[in-house]
Each structure stands twice: as structure tokens, then as C-alpha cells.
Amino acid sequence: MRKKKNSEIGVLSQLVKTPSGLIGTIIIALLLITAIFAPILSPYDFSTQNISERLSGPTSEHHLGTDHLGRDLLSRIIYGTRIALKVAIPAVIISLFIGVLLGLIAGYFGGIIDYIIIIILDTIQSLPSIVLALVMLTLLGPSLTNLIVVMGLTLFPGYSRVVRAQVMSARQELYVDAEKALGAKPLRIIAGHILPNVVPAVIILSTMDLPAVITIEAGLSFLGMGVRPPSPSWGVILNDGFSHFRQSPWPIITAGAALAITTFGFTLFGESLRDILDPKMSGMDS
Amino acid sequence: MFSYILKRVVSTALVCILLIIFLSLLIHIVPGDPAKTILGPRATPELIEKIHTEMGLDKTPFQQITGFFLNALHGDLGTDVFTGRPITEMIMDVFPHSLILTTASLLLAVLLGIPLGIFSATHPNTIGDRILAFLSISFITIPSYVVALIFLLIFSAHLRIFPVIGLGSSGNVGDYIMHLIIPALVLSLSWVGYLARLVRTSLLEVLNETYITAERSMGIKNRTLLFRLALKNALIPTVAVLGVGLGKMLAGTVFVEIIFSRPGMGTLIMKAIQNRNYPVVQGVSLIIALWFVFANLLADIINTRLDPRIQIGKTER
Chain A
1 MRKKKNSEIG
11 VLSQLVKTPS
21 GLIGTIIIAL
31 LLITAIFAPI
41 LSPYDFSTQN
51 ISERLSGPTS
61 EHHLGTDHLG
71 RDLLSRIIYG
81 TRIALKVAIP
91 AVIISLFIGV
101 LLGLIAGYFG
111 GIIDYIIIII
121 LDTIQSLPSI
131 VLALVMLTLL
141 GPSLTNLIVV
151 MGLTLFPGYS
161 RVVRAQVMSA
171 RQELYVDAEK
181 ALGAKPLRII
191 AGHILPNVVP
201 AVIILSTMDL
211 PAVITIEAGL
221 SFLGMGVRPP
231 SPSWGVILND
241 GFSHFRQSPW
251 PIITAGAALA
261 ITTFGFTLFG
271 ESLRDILDPK
281 MSGMDS
Chain B
287 MFSYILKRVV
297 STALVCILLI
307 IFLSLLIHIV
317 PGDPAKTILG
327 PRATPELIEK
337 IHTEMGLDKT
347 PFQQITGFFL
357 NALHGDLGTD
367 VFTGRPITEM
377 IMDVFPHSLI
387 LTTASLLLAV
397 LLGIPLGIFS
407 ATHPNTIGDR
417 ILAFLSISFI
427 TIPSYVVALI
437 FLLIFSAHLR
447 IFPVIGLGSS
457 GNVGDYIMHL
467 IIPALVLSLS
477 WVGYLARLVR
487 TSLLEVLNET
497 YITAERSMGI
507 KNRTLLFRLA
517 LKNALIPTVA
527 VLGVGLGKML
537 AGTVFVEIIF
547 SRPGMGTLIM
557 KAIQNRNYPV
567 VQGVSLIIAL
577 WFVFANLLAD
587 IINTRLDPRI
597 QIGKTER
């Protein structure tokens, strides 16, 4: 049996002992602080235009330069952190709910129900997530809410697969048979015995999904199908920079760096967490 | 083994059918009349009716699905309402460019990723290994469009060694290849990191197996061991990943093609999306998905032949 009750503090202290866990934790902490205190940290309003200072490089007034409308890039990047997390966290929660539910159903009942669910998962995953999201957003129209829903619907198969596999192996365990023999209802067995077993895997997967969602969100926004301007999504900033890349490299450099650091930090965090919570999963990459 | 392959083929066929149904239903999920959306202010009752007939919207949904399905089986994906061109023809025009880009990136990923992985595995926990581990994870996590934009900045604005925009002058193979290098490198980068890590892990695993230790104790040279015995086994998971990679990369071309203004599947679907040209969106996504499904199936079959242990773990499906 797994040794349980390693409290959150325990996991965190283990996490910061490895260099990659420490770097990941620091980056995520900084991101959260930036997102929460965005109004205090940003030197300007993210949408104030100043055409006379457009597309400037870093100066003493604008530490990261300005964009094509003379807006302060540092402030836009800081507010962009909010958008990245505002899309990624609810999207992961939605896919987690749908995914875990379907995975439990497939794994517990097996047979034809399982087969149907697996075929549906295969179908959804046969469309690469960026294409599936693009197609759905074409139909629904680009907006923050639609983006969150679409991303949730795109990514849930990953959770279903992990949960299904865990349920299938848990089903083989003797104690589940014993419960069944004692007349326990399926719901009770799932909630009482199977669900606790899948929690570590699901936590790991959702931490690993956050950078993926952030990448897709910024990508869709870059293509004009996600968060709409003037919202300072990093993808929107990249798109502005792409339209004016011959005049100034700074929008691309700053938004690109923000994205790279964020996805890097979340991935390091996720992988370190995986090594601690479930060493068996180390070989498995999503 | 054959029953496993048969099962995979059957579920692949089912996935394809569901996919076609899903994509042909798309038009009906659209709020409002697609003909009106396409025509915009130009909409007159006659034009709307014309488009309805052309897109088959005057038929029942069931007839439309079966129609799209049967036509798709014959390789006919419908007609583009804007230009009147067959969609299959439009796809065939640009598909080779995306395919060449994908293949070139995969080749680069193999040429760079596998040697890096071998180096890491043969020098575990050295400085070089640590640096490579850091680089690999950076390559994997940094979004491809960020890399593409940075390369665009470097090569088109400052360092003009490689041309990066467009396909090059038509008919000039050398120019085409020159224009291919940077986009292919961008697309391959995350797979370089991925392969380097994968090869490192699987090679280290094989090198620690008892039979390798036994061979070593019999005096067989390390180099021979590495290339004759260990590498062969360590590369099995790589083949599976490459199959998945071949499928996934076609979708990855979307960003690279748009940023470097290359014609291809990515630019085609993006233009169709911007014009709300649903039949083209439908056709292109179907091809991208089918490509992915078959690349996976192929990788699975090759893998089963290489490593018979696999099917035992998967017979549950």
C-alpha cells in the first residue's frame, strides 16, 4: 500500500530540495504574485496609448519598451499573467471534471461502455488540440469564456485515460471484491476506494496540463481566435509584435520570454511533483 | 499479435467514421445560417439558395452526413463555395509543402536528438549531461510559435544567412531547400528535446540490464555493446514516438507556416477559418486527423513487430 498522508507541507519541502523543483516553485510563486498584485506592480495602465512613444526599446520610463500604440510593454506583460492563469486554471478544472467522470465510468463498468468511451476519446484525440480548438472557436466565435470551454473540452481525454487505467488496476484489488461481496453499491466503491487512488495521478496530470493550456491559449490568441485585443494576452502581444516585427523586436522578445519562462517553470514543477508523488509515472510523458 | 493488430484496425475505422460524422455535423452547430455568414452583406435570397444547394444544406442532416461520408470515401471533399474549386484539389496543391516540412523536421529531430541522447546516457550526471537536460526541457517547453518568431526576427531582420519567408522562387530546388532549413529546425526543436530525453532514459535502462553486464564481463568492448546491443533495444520506444510525432507535426505546421508565410495545410485552414469557409475547414481538418490516426496505427503496428511484449500490456483494450 502507498504510504499516505504526506501532507502538503511535506510534499512542498521535498519539492524544494531538488534544484528543478526549487526553480519551478519559485517561478510559479512569482507568477502568482505578479497576477495577484498586477495593479500595484505595473508602472502604467496596460491600455493607455501614447502614439508619440510607439515601438520604442527599453528606456528609463518604459523598462521593456512600448508597442505599436505606445502602450507600456512591462504593464501589458504583467497583466498578461492574469489572463494566462484566468484561462488555464478554469480550463484545466473543466477538463479534470469531465475527464475523471468519464474515466471512472469507463474503468468501473468496462465492457461495451468502456469501448464506446475509448472510441470517443480516440476520436477527440485524433484531432490535434490546436486544430480541434480552432475548429470549435470558429463555430462559437472567439471570446474568453468560449476559449475556456473549448480548451476544457479539448483536453479531458488525457484525464479519462489515466483514471480509467487506475480504476482498472484498482478493480483487481481484493478489497474491492470484498466490498462488492458485502453488497456495496458501485458509487460507494468508487467514492470510497477508487477515487482516492487516482488523486495523485490526476494532480500530476493537471500540473503538467497548465503549461500546455497556457501555450495553446497564447497560440490561439496569436492567431486571432482566442482572447481578443485590447486584452493583453501574451498571444495578442506576440501578434502585435508580428505585425510590426521590422520596426521593433521588443513585443516579441518580452511576450516570448514571459511564455517561455512560465511554461518552463510549470513543467519543472510538474515533473518534480511527479517524481515525488508517483515515481512509477516517471517514464510516462504526456 | 494479429488479433491485436486487427483490433487496432477496427477501432481506427470506428474513429474515422465518428470523425467524419462529427465534422459533417459542424455546419449544423453553427449558430445562424452559414450561407448568410459567408455572404455577409451581399446576401440576397437567390444567392443564399444557391449556396444552400452547393453546400447541400437543402438536404436533411442525415442525407448530408451520408453524402459527405460517401463522397469522402471517393476522395471528394466538396467544392469551395468561394472559388468553385474542388477542395481535394486545393488540399493536394499545398499538402506536399506541409509534408516536406514535417519530414524534414522529423529528420532533423532524429539527427540531433538521438546523438544527444546517446551522449547523455554514456556520460550520466556529468556537466554535459546536466546542460543537455536543461536544454532538452527548454526545447520541449518553449512554444513553437515563440521560437518561430524569434528566428524570424533574427534571420529576416538582422542576420540574412538563410531566407526564411515563403517557399523560394518556384522550380528552384536549391532555393526551396534553403527556405526549408529554418522552418524545419523550428518545428523539430521540441522533438529534439523529447528524443534526447527518451533515448537517454531507455538507453540507461538497457545498459543496466543484466545481460549487458554479463556481456561486459565477458570482455566485449563498450563501443560494440553500445551500438550492437543496447542501442537496438533502446530505440524501440523512439520508433513509437516518431510515429506519433509524424502525426502531430502536421498540426504543428499551422504556426510555422503562418509566421514564415509558407503555403501549406496550416495556412489553408487558417485562411478558411478567417473567411468562415466551413467546407474547407471541414476538409482540411479531416485530412489532418486521418493523417494523425494512420500515423499512430502504423507506429503501433511497427512497434508490435519490434517488441512483442507490447501487446500483452494492451490486450485489455
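These protein sequences, in sequence, are chains A and B.
Per the numbering used here, the first sequence starts with residue 1, numbered consecutively.
Per the numbering used here, the second sequence starts with residue 287, numbered consecutively.
Ideal Cβ placement from N, Cα and C applies to all residues, glycine included.
>> Helix, strand or coil, according to DSSP, for D114(A) in the structure here?
In response: Reduced to three states, the DSSP call for D114(A) is helix.
>> Taking the beta carbon of Q172(A) as the centre, do at least 16 other beta carbons fall within 10 Å, making it buried, or is it exposed?
In response: exposed
> In this structure, what does DSSP give as the bridge partners for D586(B)?
Replying inline: In the DSSP output, where bridge partners are listed per residue, D586(B) has none listed.
>> Would M376(B) pass as an interface residue toward chain A - the criterion being a Cβ-Cβ separation below 8 Å?
In response: no
> Looking at C-alpha atoms only, which residue of A419(B), F355(B), D362(B) is the closest neighbour of P19(A)?
Replying inline: A419(B)
>> At the 8 Å Cβ level, is F228(B) part of the contact set with chain A, yes or no?
In response: Since the first residue of chain B shown is 287 and the last is 603, residue 228(B) is not available in this structure.
> In the DSSP assignment, what residue or residues form a beta bridge with P372(B)?
Replying inline: T365(B)
> Beta-carbon separation of I214(A) and L277(A) under 8 Å?
Replying inline: no
>> Just to confirm before moving on: does the CB-CB distance between I237(A) and G80(A) stay below 8 Å?
In response: yes
>> Strictly below 9 Å CB to CB, what residues from chain A border I423(B)?
In response: Near I423(B) (Cβ distances below 9 Å), the residues of chain A are S20, F264, T267, L268, E271.
>> Within 8 Å of any Cβ in chain A, is that where the Cβ of E602(B) sits?
In response: Note that E602(B) scores a pLDDT of 37, beneath 50, so its modelled location is shaky; the value from the coordinates is reported in the next line. Yes, its Cβ sits closer than 8 Å to a Cβ of chain A.
> What separation, rounded to the nearest whole angstrom, lies between the Cα atoms of R486(B) and F46(A)?
Replying inline: 45 Å
>> If you measure between the beta carbons of V478(B) and V433(B), is that distance less than 8 Å?
In response: Against a cut-off of 8 Å, the Cβ pair of V433(B) and V478(B) comes out as no contact.
>> I believe G325(A) touches D122(A) by the beta-carbon criterion, under 8 Å. Please report the beta-carbon distance rounded to the nearest angstrom.
In response: For chain A, the structure presents residues 1 to 286; residue 325(A) sits outside this window and is missing.
> Comparing the C-beta of F541(B) with each C-beta of chain A, is any distance below 8 Å?
Replying inline: yes
>> For T66(A), list the residues DSSP reports as bridge partners.
In response: D72(A)
>> By the 8 Å beta-carbon criterion, what residues does the segment 426 to 438 of chain B contribute toward chain A?
In response: Taking 8 Å as the Cβ-Cβ cut-off against chain A, the residues of the segment 426 to 438 of chain B that qualify are I426, T427, I428, P429, Y431, V432, L435, I436, L438.
> Quick one: what does DSSP say H338(B) is sitting in, helix, strand or coil?
Replying inline: helix
>> For P401(B) and A482(B), what's the separation of their Cα atoms in angstroms?
In response: 8 Å
> Since Y431(B) is in the alpha helix (DSSP H), which residue starts that stretch and which ends it?
Replying inline: Looking at the DSSP string, the run of the alpha helix (DSSP H) that includes Y431(B) is 430 to 438.
> Excluding sequence positions up to five away, which residues of its chain have a Cβ less than 6 Å from the Cβ of L300(B)?
Replying inline: Within the same chain, L300(B) has no close Cβ partners at all.
> Taking contact to mean at least 3 C-beta pairs separated by less than 8 Å, is the segment 223 to 241 of chain A in contact with the segment 53 to 72 of chain A?
Replying inline: yes
> Taking buried to mean at least 16 other C-beta atoms within 10 Å of its own C-beta, is H62(A) buried or exposed?
Replying inline: buried
> Under 7 Å Cβ-Cβ, which residues of chain A neighbour A575(B)?
Replying inline: Going along chain A in sequence order, the residues near A575(B) (Cβ under 7 Å) are S126, L127.
>> Going by C-alpha to C-alpha distance, which of S143(A), Y108(A), E53(A) sits closest to I345(A)?
In response: Any question about residue 345(A) goes unanswered here, given that chain A covers just 1 to 286.
> If I468(B) and F441(B) are in contact, beta carbons under 8 Å, what's the gap, nearest whole angstrom?
Replying inline: 6 Å
> Is DSSP giving G241(A) helix, strand or coil here?
Replying inline: helix
> Using a beta-carbon distance cut-off of less than 7 Å, what residues from the segment 514 to 538 of chain B approach chain A?
Replying inline: Residues of the segment 514 to 538 of chain B with a Cβ closer than 7 Å to any Cβ of chain A, in chain order: K534, A537.
> What is the DSSP secondary structure of R274(A), reduced to helix, strand or coil?
Replying inline: Correct three-state label for R274(A): helix.
>> Taking 7 Å as the limit between beta carbons, can you name the residues of its chain near T412(B), skipping five residues before and five after?
In response: none
> Helix, strand or coil: how does DSSP classify Q172(A) here?
Replying inline: coil
>> Using a Cβ distance threshold of 8 Å, determine whether the segment 569 to 577 of chain B contacts the segment 292 to 309 of chain B, with at least three qualifying pairs required.
In response: yes
> Using the beta-carbon of each residue, which ones in chain C are nearer than 8 Å to I588(B)?
Replying inline: Annotation note: the requested chain C is absent from the structure, which comprises protein chains A and B.
> In chain B, which residues lie with their C-beta within 9 Å of the C-beta of F156(A)?
Replying inline: By Cβ distance, chain B contributes nothing, its closest Cβ being about 15 Å from F156(A), past 9 Å.
>> Assuming T427(B) is part of the alpha helix (DSSP H), what are its boundary residues?
In response: Per DSSP, T427(B) belongs to the alpha helix (DSSP H) from 413 to 427.
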